[in-house]
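Everything below concerns the one structure shown next.
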Amino acid sequence: MKFTVAIDGPAAAGKGTLSKRVAEEFGFAHLDTGLLYRATGARVLAGADSVEAATSLEPEDMERDDLRTTAVAQAASKVAAIPEVRAALVQFQRDFARREGGAVLDGRDIGTVICPDADVKLFVTASDAVRAERRYLELSANGHEVTREGVLRDLTERDARDRDRETAPMAAAEDAVVIDTSDMFIHDAVAAATRVVRARIKAVSD
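According to UniProt numbering, the stretch in the sequence shown is residues 1 to 206, in order.
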């Protein structure tokens, strides 16, 4: 069976955790497309040309232990605004989405650009304050020296860049189901998402 779930949304809204849980629930493969851009951004920070970095990614580039840092997140957002970089990574994502056995992809433009015909489209969001606090706690727990004010500033700057870029801006697809996790526990968000996916699987199977 080929079945594609596209999950989009801003940073720290919970879409990564939700996507993994949905994939596990239905036995689908999962791709965090942000890692492609983070790995490219990390290589650019190390001195590589952005387009060359995107076209020559290796599997081990996605396994680096520094991909969740603020510096890499900012670099990823910047390279993601370069049309040539996006073009280099689009086909990989589309091939993954149509693999046998089903796939869940999460990112910024999955439902609008990468997989506009996805069987299910979700847009996961939360308030700026909630997302900033989540990211602050995550970074602090991993030993990064950050402040709440700095994390909020970085997050809103990244949101603006992702939302306002000319190529594939972050936006909810017109037919996406929006899940606001501001006041949700993760199990509630997962339950909401799986209900949507399960209903769609039943609809296409009947």
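Glycine residues also receive a C-beta, built at the ideal position from the N, C-alpha and C atoms.
None of these values were measured; they are calculated from a predicted model.
Could you tell me the alpha carbon to alpha carbon distance between residue i and residue j, rounded to whole angstroms?
i: ASP175; j: ALA199; result: 15 Å
i: THR69; j: ASP119; result: 33 Å
i: ILE201; j: LYS20; result: 18 Å
i: VAL177; j: ASP66; result: 32 Å
i: GLU60; j: ASP180; result: 33 Å
i: ALA141; j: ASP206; result: 47 Å
Could you round the C-beta distance between residue i and residue j to whole angstroms and report it? I think they count as a contact, below 8 Å.
i: ALA23; j: HIS30; result: 4 Å
i: LEU122; j: ILE114; result: Incorrect: roughly 14 Å between the Cβ atoms, too far for contact.
i: ALA81; j: ARG161; result: 6 Å
i: GLY34; j: ALA76; result: 7 Å
Do residue i and residue j have their C-beta atoms within less than 8 Å of each other?
i: ALA12; j: ARG163; result: no
i: GLY14; j: ALA189; result: yes
i: GLY9; j: VAL196; result: no
i: LEU18; j: ALA126; result: no
i: VAL146; j: LEU155; result: no
Cα-Cα, which of the options is closest to residue i?
i: ASP32; options: MET62, SER205 and LEU155; result: MET62
i: PRO116; options: GLU25, ALA172, ASP180 and ALA42; result: ALA172
i: VAL44; options: GLY34, VAL79, PRO10 and ARG64; result: VAL79
i: SER182; options: ARG148, VAL5, GLU133 and VAL204; result: GLU133
Next on the checklist: Using 8 Å as the cut-off, can you tell me whether the stretch 168-188 makes contact with the stretch 102-114, which would need three or more C-beta pairs spanning the two stretches below that distance?
Outcome noted: The stretch 168-188 is in contact with the stretch 102-114.
Checklist entry - Any chance the stretch 49-58 sits against the stretch 84-101, with 3 or more Cβ pairs inside 8 Å? => result Between the stretch 49-58 and the stretch 84-101, the count of Cβ pairs shorter than 8 Å is three or higher; the stretches touch.
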